[in-house]
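J.:
Numbering (our numbering), first residue to last: 26 to 184.
(1) With distances taken between CB atoms, is the gap from residue 39 to residue 166 smaller than 8 Å?
(2) Would you call the stretch 170-178 in contact with the stretch 112-127, where contact means no fewer than 3 C-beta pairs closer than 8 Å?
(3) According to the Cβ coordinates, are residue 35 and residue 50 closer than 8 Å?
(4) Residue 156 lies in the beta strand (DSSP E); which residues open and close that run?
(5) I need the boundaries of the beta strand (DSSP E) containing residue 180, first residue and last residue.
(6) Give the straight-line distance between the Cα atoms of residue 157 and residue 37, rounded to the nearest whole angstrom.
(7) On the criterion of 16 or more Cβ atoms from any shown chain inside 10 Å, does residue 74 qualify as buried, or is it exposed?
(8) So, are the CB atoms of residue 106 and residue 55 less than 8 Å apart?
(9) If you draw a straight line from the alpha carbon of residue 181 to that of residue 160, how long is it in whole angstroms?
(10) Whole angstroms are fine: how far does the CA of residue 142 sit from the CA of residue 112?
(11) Which parts of the stretch 45-106 are runs of the beta strand (DSSP E), unbroken and 3 residues or longer, counting only runs that do not cross its ends?
(12) Residue range of the beta strand (DSSP E) that residue 164 falls in?
In structure tokens form, the structure reads like this:
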């Protein structure tokens, strides 16, 4: 889903090519979903976009430490709202087009009980990537692609 209906429609048209997964427009900080009801939750969080500087050089003049801190605070709220949605044994996949640690691995330093980080395989990306201290991967910006960071956490299965 997305907070903005236009983006949700665009996402639905893209996803419609490969899946019939529902796409909705709502505030991810207050998702109207049942707890522990999803095996996979994808949180493509709003971010500073520092991984897209190659295509958007104007960001350099709009970004500062305060803007990154504000985004990180929003991202932390979204993660706190998304984690309860993950079913036992399920995964939260978190991604941003930021390469800033404050917006990525630092948010996964202190996971709540019942969640473990998932070590992501760096080889699946086919481009230069770094491992993050939280088990994620960072795809560095290149001549033909943007930078992204990915993290995953699994809810420990009961039993």
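All C-beta atoms in this analysis are idealised placements derived from N, C-alpha and C, irrespective of residue type, glycine included.
T.: Taking the structure as given:
(1) no
(2) yes
(3) no
(4) 154-156
(5) 173-180
(6) 31 Å
(7) buried
(8) yes
(9) 16 Å
(10) 15 Å
(11) 63-69
(12) 162-164
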